[in-house]
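According to the working numbering, the sequence shown is numbered sequentially starting from 1.
All C-beta atoms in this analysis are idealised placements derived from N, C-alpha and C, irrespective of residue type, glycine included.
Note that the coordinates shown come from a computational prediction; the quantities given were computed from them, not determined experimentally.
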Amino acid sequence: MVTDILQFVVLTAAIVIVIPLVFQEVGGVESFLDKVPDDFFNVVNGEYTWGFILAFALYHIFILGQLDICTAVYQC
1 MVTDILQFVV
11 LTAAIVIVIP
21 LVFQEVGGVE
31 SFLDKVPDDF
41 FNVVNGEYTW
51 GFILAFALYH
61 IFILGQLDIC
71 TAVYQC
């Protein structure tokens, strides 16, 4: 529990420090948005289709979710 909180604090601090530095390096948010490719913010592009996203989600729900259930059952 304590390590989770510490990780949260460290990662949040890193984000708060790094994001402004990155935007300063590229010349601001508007400059960044002008420089990215047109399909940069599309959820599906290239090899990542809606089918891939659905399969990925189902895999994590059914396969990895069951591992947590099995662990809980065997601990009892």
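key: Strand pairing of N45, partner residues [DSSP]   = Y48
message = To the nearest angstrom, how far is the alpha carbon of V29 from that of T12?
response = 20 Å
ask   = Is DSSP giving D34 helix, strand or coil here?
value = helix
message = Give me, in chain order, the residues of the same chain whose beta-carbon lies closer than 6 Å to that of V44; leave out the 5 immediate sequence neighbours on both sides.
response = W50
query = DSSP on C39, reduced to helix/strand/coil?
reply = A small correction: the amino acid at residue 39 is Asp; Cys does not occupy that position in the sequence shown. Three-state DSSP puts D39 in coil, outside helix and strand.
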